[in-house]
Amino acid sequence: MPDAVQTSIVLPNVGTPNAAAGDDVRISVRDLTVAFGSFVLMRNVSFDVRVGDIFMVMGGSGCGKSTLLRVLMGLKEPQQGQICYNGENFWAGTEESRSRIMRNTGVLFQGGALWSSMTLAENVGLPLQQYTDLSDEEIREQASLKLALAGLAGFEDYYPSEISGGMRKRAGLARALALDPQILFLDEPSAGLDPVSSRLLDDLILELRDSLGTTFVIVSHELASIFTIARNGIFLDAQSRTVTARGNPSEMVKDPTTDQSAMLFLTRGGKRENTEEGAEGAQAATSHKEQSR
3 MPDAVQTSIV LPNVGTPNAA AGDDVRISVR DLTVAFGSFV LMRNVSFDVR VGDIFMVMGG
63 SGCGKSTLLR VLMGLKEPQQ GQICYNGENF WAGTEESRSR IMRNTGVLFQ GGALWSSMTL
123 AENVGLPLQQ YTDLSDEEIR EQASLKLALA GLAGFEDYYP SEISGGMRKR AGLARALALD
183 PQILFLDEPS AGLDPVSSRL LDDLILELRD SLGTTFVIVS HELASIFTIA RNGIFLDAQS
243 RTVTARGNPS EMVKDPTTDQ SAMLFLTRGG KRENTEEGAE GAQAATSHKE QSR
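Per our numbering, the very first residue in the sequence shown carries number 3; after that it's consecutive.
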């Protein structure tokens, strides 16, 4: 273990998540330290993601948001700490047990990561070919169903180059849903999208959470999305290299004790009052949409 991992520092007091209770904790992270060689990217990171959460990992550039997502997805091993999925310690298990746990998750990468030489149906069907014994006809049916859930009914035979950026994100989300996962990891889902497409994607995330009970862990710096859909989250600070704020972003921005770096992020360096109004407006729009369903 690098010496830098053991360096003693004074960390901000933001509290710790409540002890995991009952069956409603999907992911439990405790005392996580992530490093590259002797460089410690983050330390003492702890949080819980509960069933049905839309959990935001927030922070400025270089704080380690996407790296944390890679650790949660099993793509990078932490230097120390514990990650449990439904009470099962992920990194303490065998490679077989880790693969089994990961098959219960889905991922939407930042660019969609669709195979350009495959149709949308073929892209969505790829995990089903690899991990199930379904026939080609059954795979096609499941791919069509998942595309329909993502608002892409009738686009099965289109190629990624033939659809818009927002539609490619939806197709990537449909592929992430292919194996009916309990948890979806989304890395900057709104990146590169216009405001309307971004809002439509936010609406889709809310619909999937409500209809399927899916738990989302989302890396994002898009404030409109954060205030519209987030139910819980953490703020990673690049300077202190740890969590300096936690909770619902709409509540964080109203709390005078919120860490200054987190407040600057949530207000874009502006006034708290302006962001409170924006957060309340986003909540009102979401509430109106839910009531009209």
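Just so it is clear, CB atoms sit at the ideal spot from N, CA and C, and this is done for glycine as well.
Remember, predicted model here, so these are calculated numbers, not experimental data.
Residue i, buried or exposed, once every other Cβ within 10 Å from all chains shown has been counted against 16
{"i": "ASN91", "result": "exposed"}
{"i": "VAL219", "result": "buried"}
{"i": "PHE41", "result": "exposed"}
{"i": "SER163", "result": "exposed"}
{"i": "THR217", "result": "buried"}
{"i": "SER263", "result": "buried"}
{"i": "LEU154", "result": "buried"}
{"i": "PRO251", "result": "buried"}
{"i": "ASN15", "result": "For ASN15, the pLDDT reaches just 47, beneath the cut-off of 50, and the residue's location in the model is therefore unreliable, although a value from the coordinates is still provided. It is exposed - the Cβ of ASN15 has fewer than 16 other Cβ atoms within 10 Å."}
{"i": "ARG105", "result": "exposed"}
{"i": "ALA94", "result": "exposed"}
{"i": "ALA23", "result": "Caution applies to ALA23, whose pLDDT of 45 falls short of 50 and renders its modelled position unreliable; the value that the coordinates give is listed next. When all chains shown are included, ALA23 counts as exposed."}
{"i": "GLY89", "result": "exposed"}
{"i": "ASP204", "result": "buried"}
Reference residue i, options the options, closest by Cα
{"i": "GLY156", "options": "VAL109, PHE229 and LEU122", "result": "LEU122"}
{"i": "MET58", "options": "ASP257, MET75, LYS256 and PHE229", "result": "PHE229"}
{"i": "SER213", "options": "ASN106, GLN184 and GLY194", "result": "GLN184"}
{"i": "SER63", "options": "ALA247, LEU238, VAL245 and GLY249", "result": "LEU238"}
{"i": "LEU151", "options": "ARG211, VAL36, PHE38 and PHE267", "result": "ARG211"}
{"i": "LEU110", "options": "GLN81, ASP257, ARG172 and TRP93", "result": "ARG172"}
{"i": "SER74", "options": "THR260, LEU266, LEU186 and PRO197", "result": "The sequence shown places Leu at residue 74, not Ser. Comparing Cα positions, the closest option is LEU186."}
{"i": "GLY76", "options": "LEU268, VAL36 and VAL27", "result": "VAL36"}
{"i": "LEU240", "options": "CYS65, PHE38 and ASP55", "result": "Here residue 240 is Ala; the residue named in the question, Leu, does not match the sequence. The candidate whose alpha carbon is nearest that of ALA240 is CYS65."}
{"i": "GLY194", "options": "PRO80, GLY114, LYS67 and SER68", "result": "GLY114"}
{"i": "LEU149", "options": "ARG170, GLN132 and GLU139", "result": "ARG170"}
{"i": "LEU206", "options": "ILE56, VAL27, THR269 and LYS256", "result": "ILE56"}
{"i": "SER118", "options": "GLU140, ASP182, ILE141 and ASP159", "result": "ASP159"}
Opposing strand residues paired with residue i [DSSP bridges]
{"i": "PHE187", "result": "VAL109 and VAL219"}
{"i": "ILE56", "result": "PHE218"}
{"i": "ASP50", "result": "SER30"}
{"i": "CYS86", "result": "SER30 and ASN91"}
{"i": "PHE41", "result": "PHE38"}
{"i": "ASP239", "result": "THR244"}
{"i": "ASN234", "result": "PHE57"}
Proximity below 9 Å, CB of residue i to CB of residue j
{"i": "ASP189", "j": "LEU116", "result": "no"}
{"i": "SER200", "j": "GLU224", "result": "yes"}
{"i": "GLY168", "j": "LEU208", "result": "no"}
{"i": "PRO191", "j": "SER222", "result": "yes"}
{"i": "GLY235", "j": "GLY249", "result": "yes"}
{"i": "THR244", "j": "ARG45", "result": "yes"}
{"i": "MET120", "j": "PHE267", "result": "no"}
{"i": "THR246", "j": "ASP261", "result": "yes"}
Residue i Cβ short of 8 Å to the ligand MN heavy atom set
{"i": "ARG32", "result": "Judged by which ligands are present, the structure shown has none, so any question about the ligand MN falls away."}
For this session: Evaluate contact between the segment 94-105 and the segment 141-156, counting only Cβ atoms and requiring at least three cross-stretch pairs below 8 Å.
Result: Contact between the segment 94-105 and the segment 141-156 is absent, because fewer than three Cβ pairs lie under 8 Å.
Exercise. Per the contact definition of three or more C-beta pairs closer than 8 Å, is the segment 25-34 in contact with the segment 49-61?
Worked result: The segment 49-61 is in contact with the segment 25-34.
Problem set entry | Cβ contact (3+ pairs, closer than 8 Å) linking the segment 121-139 and the segment 173-192 | Yes, they touch.
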